[in-house]
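If you want the working numbering, it's the position in the sequence shown, counting the first as 1, plus 9.
Notes to accompany the following structure.
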Amino acid sequence: MPSLAFTLLFAVLAAAVSRAEATERYAPPAVDEVRAQAVRWVAGRKPAPQVIRSVGELWAAVPADATPRELLDRVIETFALADPETRQFLAECRLRDPDLLPPRADLLRQEGLDEFHAANLRLYFARYLALRKMHEQALEQFAAFDPAKSIDPATALFFKAVCEHGLLQKDEGLATIRQLVDHTEAVPASHAALATLMQYELESLRPDTLDEIARLMRDVTRRLDLARTGPEVQRQEQRIIAKLDRIIDKLEQERGGDGPSRDGGDPGQGQPGSPSGNDPNKPAEASAPGGATGPGEVDPQGLRNQGGWGNLPEKERERAASGIVERYPGHYDAGIENYFRKLAGQRAP
């Protein structure tokens, strides 16, 4: 009869194996398999000879070591060559001068849509929505297909995590990132690095902190940039105000009521016994000077520019500029450069 220790060990190992099997591992299909699927899909549409030639030329130039991202682009181009409705839909999915509202995507709502066509077209559309920071709509598309059925599972999981991270969906975002980093093959190095950063930010996210409030404010700004001013934005704004109130109340309790009051005043300023000696409830005599007095003398030597205030040394300016560049995203470079150009132009005369 097996001992109790052996039984417990067997149960632990069985549970570990069960969890490992439950976690599906995503891997992109091989180049030949994707090419064959694309050709079969085109053949099923009975295209004109010119379309067949164009598709053949498109896939003849695909290298054997093409990445999943490159294969997805070729498949999307194949869809556009063989199907006018898909071509029109893709033309509406533009990032340069886009319309305020995204395309309706009626094509993706059609019944009986081929799985190969639907999964990869949804992935393309979801990625487009994520790049436009339309996180809610993008997550709706991600929920409508299985990343394992697409050509590029890593791209699907990465942009899904980006949307969940932007909406502060902590549990969902961490689960997606773990699937991407630990259980997906052919993940680009850039996606893996950014996913690790998002994972760190989500793990360190704590409720009712200034960090959380700053992220919520950023999300409201995103919504306003998309011209969204409806009930959801107003609810988020009220949520931010409530969290700020809780933080202020907590700080006041920690300081025992001696800190700044909610209306911006200072409870200890101007009270009896304070250095000024003024009582705000008792008007001062018209002929009597109020508060403490001093000699009223100013040392003119102290007004000299002794520390170079407002004019940092060259090394300090370079260090500050370097810090700004390292702290903010790359698209801030142009603004920083313009600022220093204007500053140099003002000093030149």
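For each residue, glycine too, the CB sits at the ideal point set by N, CA and C.
Identify the continuous alpha helix (DSSP H) that holds residue i and give its terminal residues.
{"i": "GLN119", "result": "That residue, GLN119, is in no alpha helix (DSSP H); it is neither H nor E in DSSP."}
{"i": "THR164", "result": "162-175"}
{"i": "PHE151", "result": "144-151"}
{"i": "PRO45", "result": "Just to set this straight, residue 45 is Ala in the shown sequence, not Pro. Run containing ALA45: 40-53, per the alpha helix (DSSP H) assignment."}
{"i": "LYS252", "result": "240-263"}
{"i": "GLN97", "result": "93-101"}
{"i": "PRO58", "result": "58-69"}
{"i": "LEU203", "result": "198-212"}
Tell whether a beta-carbon distance below 8 angstroms holds between residue i and residue j.
{"i": "ALA195", "j": "ALA163", "result": "yes"}
{"i": "MET226", "j": "ILE250", "result": "no"}
{"i": "LYS179", "j": "LEU206", "result": "no"}
{"i": "LEU81", "j": "LEU138", "result": "no"}
{"i": "ARG103", "j": "ASP161", "result": "no"}
{"i": "ALA152", "j": "TYR35", "result": "no"}
{"i": "ARG136", "j": "PRO107", "result": "no"}
{"i": "VAL48", "j": "VAL71", "result": "no"}
{"i": "ALA91", "j": "VAL43", "result": "no"}
{"i": "PHE168", "j": "ALA204", "result": "no"}
{"i": "LEU176", "j": "ASP228", "result": "yes"}
{"i": "LEU211", "j": "LEU183", "result": "yes"}
{"i": "ARG54", "j": "LEU67", "result": "no"}
{"i": "GLN59", "j": "PRO111", "result": "no"}
{"i": "GLU33", "j": "HIS192", "result": "yes"}
{"i": "LEU117", "j": "ALA127", "result": "yes"}
{"i": "ALA114", "j": "PHE134", "result": "yes"}
{"i": "PHE125", "j": "GLN46", "result": "yes"}
Could you give the DSSP three-state label for residue i: helix, strand or coil?
{"i": "PRO281", "result": "Caution applies to PRO281, whose pLDDT of 45 falls short of 50 and renders its modelled position unreliable; the model cannot decide the point."}
{"i": "THR87", "result": "helix"}
{"i": "THR193", "result": "strand"}
{"i": "GLY319", "result": "Per-residue confidence for GLY319 stands at a pLDDT of 48, beneath the threshold of 50, marking its modelled position as unreliable; the derived number appears in the next sentence. Coil at GLY319, not helix or strand."}
Assign residue i to buried or exposed, taking buried as 16 or more other Cβ atoms, counted over all protein chains shown, within 10 Å of its Cβ.
{"i": "GLY65", "result": "exposed"}
{"i": "ALA223", "result": "exposed"}
{"i": "SER159", "result": "buried"}
{"i": "GLU241", "result": "exposed"}
{"i": "ILE186", "result": "buried"}
{"i": "GLU120", "result": "exposed"}
{"i": "ILE85", "result": "buried"}
{"i": "PRO216", "result": "exposed"}
{"i": "GLU101", "result": "exposed"}
{"i": "GLU173", "result": "buried"}
Contact criterion: CB-CB distance below 8 angstroms. Does residue i meet it with respect to chain D?
{"i": "LEU130", "result": "The displayed structure is made up of one protein chain only, and chain D is not part of it."}
Does the Cβ of residue i lie closer than 7 angstroms to at least one heavy atom of the ligand MN?
{"i": "MET143", "result": "This structure lacks the ligand MN, and indeed carries no ligand of any kind."}
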